[in-house]
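In what follows, a structure is listed as structure tokens, so that the remarks can point back to it.
Here's what the structure looks like:
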């Protein structure tokens, strides 16, 4: 069947109810799928300089500084460093296979890094040299264990009975691994063990969060002691970061970190005054008589609920444990002003919606500071709430407001996952791509778990992912104002450019978009296998675009058929675009080793690698003469 490219209206009236119970056939209300990592604005992290080895203790010859690496995903343990700086490469041998230790030590730590695993390789990141987050080539593993990437490795006790020597291992919530030879990303929030003045441990180490490729794979996992193969068998208040060097080759780059003290920023002796009047702007509170006063443990925009309109004034002391730069983040639906020691930090003189967030920094001496916060609620009851976050030198980002101050509490929106059963499913929505909203998006999900979303307005592939289909919470909850569906599995992003363009030459700049005067969207049909086939005319060129996912060796196969061009020498097809594209034997490695492209059929033309202002394009000239041609390639990640 052919489906019109205009938006279906089926979902629109139902969305207004904001209730998953209204649509049981489409959506299941579940929260077990790992959320994707939100963007965070915080104080800057420290960076390990990988132009030299100065941040590390004595280094053995298996470790070196490189400019990059080469790796064939089909070859076991294949990691070949290239000349330059910026990448840490481990290529162990029987003679040299030592671990790598930082010169600095830590307890609580926030850590981010990129890593690359060649096929079949194994390594690990040891917090404090004792507690391991696993590095492993786990591509394609259906049932990940503690020993797979994203897992927290088990502890080991030889004195325990056979079959029980290993214990306390924690597998990742889902397998978010990329293919071997591609760069991947870790973000780890770790809390080290605590000790009293007598040196006795009073709290275990804990992995608060582990994010793998943007997916939360571990949360609030406690470890009672060093994991197996840790360098140190005891537990101490501090230890170095360690990267395992004796198992297999690994490359690491972009290492950033923050070390935290076990101290907190606090609001002390906090009192409030309540004024039950309708104010258009913040008044001179010294001229007013409060309708109610009291004490509070934290900020709460709803601490008194008597009138529709009101103002609040809080005063107290801000305890800043360390000297240095402090960051404050304010989100409020009303008007607000915050002062520290009489200095205005926030002066928000107009109402805002709750999704808007303002950030300010200030340098403070360690100690107590006078704190004042003034607030007028939003005139529209649809918008309410007040939240304030703070971060300081070696001090974690924390909330200074109560959960009651935020509508629905501080919880993120619950997941509303659209399930795919025994057939390919399509769902239309808006979608975010590279910071912009795409409005003509088709989300395509398959029973084999290989999914993608596609901008029909440009013929552009946006994302692909393996796992659960789409999260529609921003389409349905609170009337679904953003109307955005998000990948429910770990997505990989593509360039999102139109696939066809008429160019004066093969090296001309590729357009970011094409007008609908040039690109006529004709909708899509459904193939016998259930996959949509998108149809367009571009000038005098007819285009059919079909993408099918394969679970084994995770990939999307894309087949594009052209016909009808009499003067087709000016028409070009865009295979891929990225910061760099290199040829790796029988396939291309795209966008700084983000994914592979295997060109199966170029339609009789020779692909051209074109340098652009931002990197490279891989293009194919569409044959002229009115003949049909087909281009087929695989995207592997």
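Numbering (our numbering), first residue to last: 227 to 863. Heads up, the beta-carbon is just placed ideally off N, CA and C, and yes, glycines get one too.
- The alpha-carbon separation between residue 536 and residue 485 amounts to approximately 41 Å.
- In this structure, residue 846 and residue 801 form a Cβ contact; the two beta carbons are roughly 6 Å apart against a cut-off of 8 Å.
- With respect to residue 351, residue 271 sits apart: the two C-beta atoms are not nearer than 9 Å.
- Each residue's CA atom was taken as its position, placing residue 529 and residue 627 some 11 Å apart.
- With respect to the C-alpha of residue 335, the residue from 778, 567, 545 and 432 having the closest C-alpha is 432.
- The C-alpha of residue 790 lies about 24 Å from the C-alpha of residue 783.
- Judged by DSSP in its simplified three-state form, residue 700 adopts helix.
- Residue 502 sits away from residue 269, with the two beta carbons spaced by 9 Å or more.
- Residue environment analysis places residue 780 among the buried positions, since at least 16 neighbouring C-beta atoms fall within 10 angstroms of its C-beta.
- Annotated as proximal: residue 799 and residue 725, with beta-carbon spacing under 9 Å.
- By the criterion of at least three beta-carbon pairs nearer than 8 Å, the stretch 476 to 483 is in contact with the stretch 270 to 286.
- By the neighbour-count criterion, in which 16 or more other beta carbons inside 10 Å mark a residue as buried, residue 721 falls on the buried side.
- Per the DSSP secondary-structure output, residue 473 pairs with nothing in a beta bridge.
- About 17 Å separates the CB atoms of residue 829 and residue 762; that is not less than 8 Å, and the two are not in contact.
- Counting only runs of 3+ residues, the beta strand (DSSP E) found wholly inside the stretch 630 to 676 occupies 642 to 644, 651 to 659 and 662 to 671, in chain order.
- Distances from the alpha-carbon of residue 680 to those of 658, 310, 808 and 370 put 658 closest.
- Exclusion of the five residues before and after residue 719 leaves 689 as the residues of its chain whose Cβ lies within less than 6 Å of its Cβ.
- Residue 296 and residue 304 have their C-alpha atoms roughly 8 Å apart.
- Comparing alpha carbon positions, the residue from 400, 379 and 404 closest to residue 393 is 379.
- Contact between residue 487 and residue 337 is absent: CB atoms are separated by about 16 Å, not below the 8 Å threshold.
- By the criterion of a C-beta distance shorter than 6 Å, residue 594 is surrounded in its chain by 543 and 545, once the five residues flanking it on both sides are discounted.
- Under the 10 Å beta carbon count, residue 425 is surrounded by fewer than 16 other beta carbons and is classified as exposed.
- According to the DSSP assignment, residue 334 belongs to the beta strand (DSSP E) that extends over 334 to 342.
- Judged by pairs of C-beta atoms under 8 Å, the stretch 448 to 462 touches the stretch 382 to 398, as three or more such pairs exist.
- DSSP, read as helix, strand or coil, puts residue 446 in strand.
- In the three-state reduction of the DSSP assignment, residue 512 falls in the helix class.
- Excluding its 5 nearest sequence neighbours in each direction, residue 694 has C-beta neighbours in its own chain below 6 Å: 259, 643, 714 and 715, listed in chain order.
- Looking at the backbone, the Cα of residue 753 and that of residue 673 are separated by about 15 Å.
- The Cβ atoms of residue 585 and residue 625 do not sit closer than 9 Å to each other.
- In this structure residue 603 is in contact with residue 610, their Cβ atoms being roughly 7 Å apart against a cut-off of 8 Å.
- For residue 267, the CB contacts under 6 Å within the same chain, skipping 5 residues up- and downstream, are 585 in chain order.
- By the neighbour-count definition (other C-beta atoms within 10 Å, threshold 16), residue 449 is a buried residue.
- Pairing residue 557 with residue 515, the inter-Cα distance amounts to about 27 Å.
- The alpha carbon of residue 443 has as its nearest neighbour, out of 804, 377, 863 and 786, the alpha carbon of 377.
- Beta-bridge partners assigned by DSSP to residue 689: 679 and 719.
- Bridge partners of residue 712 according to DSSP: 697.
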